[in-house]
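*Asks:* Dropping a structure here in structure tokens format, bear with me for questions.
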């Protein structure tokens, strides 16, 4: 079996097969409230020779009872699933992004599976930190700071913020202090982290890339101009009759 894979550590793309693809099942015939259970461990080893990190994910399922030891495990409903390694799926962020943003974002991804409420709180803190760092926004709550800074936003950023607000209670949460822990659904916390990643790309990473491209164009243009001045091309005019 071979599967496409992107390493969460080095972000390299590859095809995983053989011993690099991990799949283990554990049958649990125990008197739990869920009945018979099965634990599934999946993972992969990065094929990049400079990385070779291992990622692991665990999931717990209800299972059909085996009639004999040789029977295969038959999975039924999934009870829960969570990342074991790396703990959280934070993207690798460049060092020019303020550390307070990187730290809170990384922590939010780590605790997302275990505490969506706390992850959402950290995500709102990251959004506020970016508003203040990038646009010097101020206000009594996150919603007010967004309104005070939105004249600087692109149409796409406004659409992303508005789209995230329509999920459940996320819109209401912007009215609270960012450090207040309030009830959220797991998918709402995940949506907030997705918004954080989008804003980091739009406000920090893409502008840096555009600036780097512009500097290369200027440097190349200056180099060509200097070369032309040093070795001017002297076109010979044709002799008159």
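Residue numbers (our numbering): -9 to 231. Beta carbons are placed, not taken as given, at the ideal position from N, Cα and C, and that holds for glycine.
Can you give the Cα-Cα distance for residue 217 and residue 12, rounded to whole angstroms?
*Replies:* If you take the alpha carbons of residue 217 and residue 12, they lie about 57 Å apart.
*Asks:* What residue range does the alpha helix (DSSP H) around residue 28 cover?
*Replies:* Element bounds for residue 28: not the alpha helix (DSSP H) but the beta strand (DSSP E), 27 to 35.
*Asks:* Pull up the distance between the alpha-carbon of residue 176 and that of residue 206, whole angstroms please.
*Replies:* 43 Å
*Asks:* How about the segment 79 to 91 and the segment 176 to 194: do they share at least three Cβ pairs that are nearer than 8 Å?
*Replies:* yes
*Asks:* With DSSP as the reference, identify every bridge partner of residue 4, one or two as the case may be.
*Replies:* -5
*Asks:* Whose C-alpha, out of 134, 186, 113, 173, is nearest the C-alpha of residue 147?
*Replies:* 186
*Asks:* Output the boundary residues of the beta strand (DSSP E) element that contains residue 13.
*Replies:* Per DSSP, residue 13 belongs to the beta strand (DSSP E) from 11 to 18.
*Asks:* Does the beta-carbon of residue 120 have 16 or more other beta-carbons within 10 angstroms, so that it is buried, or is it exposed?
*Replies:* buried
*Asks:* Where does residue 106 land, buried or exposed, given buried means 16+ other C-beta within 10 angstroms?
*Replies:* Answer is buried; the Cβ neighbour count reaches 16.
*Asks:* Alpha carbons only, please: which of 49, 108, 174, 203 is nearest the one belonging to residue 17?
*Replies:* 49
*Asks:* Give, in chain order, every unbroken run of the alpha helix (DSSP H) that is at least 4 residues long and sits entirely within the segment 46 to 121.
*Replies:* Annotation note: the segment 46 to 121 contains the following uninterrupted alpha helix (DSSP H) runs of length 4 or greater, listed N- to C-terminal: 89 to 101.
*Asks:* From what residue to what residue does the alpha helix (DSSP H) around residue 180 run?
*Replies:* 176 to 190
*Asks:* Could you compute how far the alpha carbon of residue 39 sits from the alpha carbon of residue 2?
*Replies:* Using only the alpha carbons, I get a separation of about 11 Å.
*Asks:* Which word fits residue -7, buried or exposed, when buried means at least 16 other C-beta atoms lie within 10 angstroms of its C-beta?
*Replies:* exposed
*Asks:* Could you check the C-alpha separation between residue 43 and residue 101 for me, to the nearest Å?
*Replies:* 21 Å
*Asks:* Using a Cβ-Cβ cutoff of less than 7 Å, which residues in the same chain neighbour residue 32 once the five nearest sequence positions on both sides are dropped?
*Replies:* 12, 13, 47
*Asks:* Straight-line CA distance for residue 181 to residue -3?
*Replies:* 22 Å
*Asks:* By DSSP's criteria, residue 136 is part of a beta bridge. Which residues make up the other side?
*Replies:* Answer by DSSP bridge pairing: none, since residue 136 is not bridged.
*Asks:* State yes or no: is the C-beta of residue 80 within less than 8 Å of the C-beta of residue 51?
*Replies:* no
*Asks:* Compute the Euclidean distance between the alpha carbons of residue 141 and residue 183, then round it to the nearest angstrom.
*Replies:* Inter-residue distance for residue 141 and residue 183 is about 23 Å (C-alpha atoms, whole angstroms).
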